[in-house]
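Take 272 as the starting number for the sequence shown in our numbering and just add one per residue. Encoded as structure tokens, the structure appears first; notes follow it.
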Amino acid sequence: MSDDTAPDENWGQQFDRLPPTADDRVVEGRPSREEVVDWWDERFGVDPAVFDGYTFWEKGAGKIWAFHGEVVDPIEVEGLGMRILRTRQRHWKPSTNAVQRFCGDATKNVIELSPSEAQAFVDGHDQQLDWWEGDWGYLTAAHEIAGELEPLASASTSTGSSARPSRRVGKKTSSNRNSRQRPGRGAAPRYFSLTVPPVSPSHSTR
Numbered sequence: 272m273s274d275d276t277a278p279d280e281n282w283g284q285q286f287d288r289l290p291p292t293a294d295d296r297v298v299e300g301r302p303s304r305e306e307v308v309d310w311w312d313e314r315f316g317v318d319p320a321v322f323d324g325y326t327f328w329e330k331g332a333g334k335i336w337a338f339h340g341e342v343v344d345p346i347e348v349e350g351l352g353m354r355i356l357r358t359r360q361r362h363w364k365p366s367t368n369a370v371q372r373f374c375g376d377a378t379k380n381v382i383e384l385s386p387s388e389a390q391a392f393v394d395g396h397d398q399q400l401d402w403w404e405g406d407w408g409y410l411t412a413a414h415e416i417a418g419e420l421e422p423l424a425s426a427s428t429s430t431g432s433s434a435r436p437s438r439r440v441g442k443k444t445s446s447n448r449n450s451r452q453r454p455g456r457g458a459a460p461r462y463f464s465l466t467v468p469p470v471s472p473s474h475s476t477r
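What follows is the structure, given as structure tokens:
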């Protein structure tokens, strides 16, 4: 740690381990491990046990990384494991790598794309999908590959409404909209937009 950086300040040149709970928080605005795990559970239905063995770290403002193992805290390195989440903003944003790695068995906010929809998605095109009846915000876009539904990347939905769910440090929100969804006609159109760099389905991994 820099000699002129206090323990209760966020320093962008090093990785700092997330506190276990909000009660253990020292740096203002830094999420806790519990809040990060809860977010993946509430947003995508990812079993908290999936993150057993992982430590969570912040580098910069709200860039959260997951590392399978233990290292000294803090640590000054360029990268540590996988960047999984962007916090310190109104809507927490998952990374493509994290969606592919942890959302293989997601049970909430998974939108299953047809072959043509999946191709348009990885090509980076916005799509108007009038059959989506699920939640707002970031979703897991998935497509069947070799007989199994595989997560491709994170995507977002929008209808132009200003009513959106919020997620802030220290405040729990839960999604009651669930499951992997295919067409259920009659819903208002939702605009489906790519929110991360396109990823080829052939490179999708669990």
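Idealized CB from N, CA, C, for every residue including glycine.
307 is the residue among 346, 307, 279, 424 whose C-alpha sits nearest the C-alpha of residue 321.
Here residue 287 has 329, 345 as same chain residues with Cβ atoms under 6 Å from its own Cβ, once five neighbours each way along the sequence are excluded.
Beta-bridge analysis with DSSP links residue 424 to 412. In this structure, residue 409 keeps its C-beta atom at 7 Å or more from the C-beta atom of residue 385. The beta-carbon distance between residue 424 and residue 367, rounded to whole angstroms, is 4 Å. This is short enough to meet the 8 Å contact definition.
Under the DSSP definition of a beta bridge, residue 326 partners with 338. In the DSSP assignment, residue 317 falls outside any alpha helix (DSSP H), carrying neither H nor E. For residue 379, DSSP records no beta bridge to any residue. By the neighbour-count definition (other C-beta atoms within 10 Å, threshold 16), residue 326 is a buried residue.
Only buried fits residue 422, as 16 or more other CB atoms lie within 10 angstroms of its CB.
Residue 365 carries a strand assignment under DSSP once its states are collapsed to helix, strand and coil. Nearest in C-alpha terms to residue 354, of all of 336, 365, 361, 387, is 336. Distances from the alpha-carbon of residue 343 to those of 407, 285, 365 put 285 closest.
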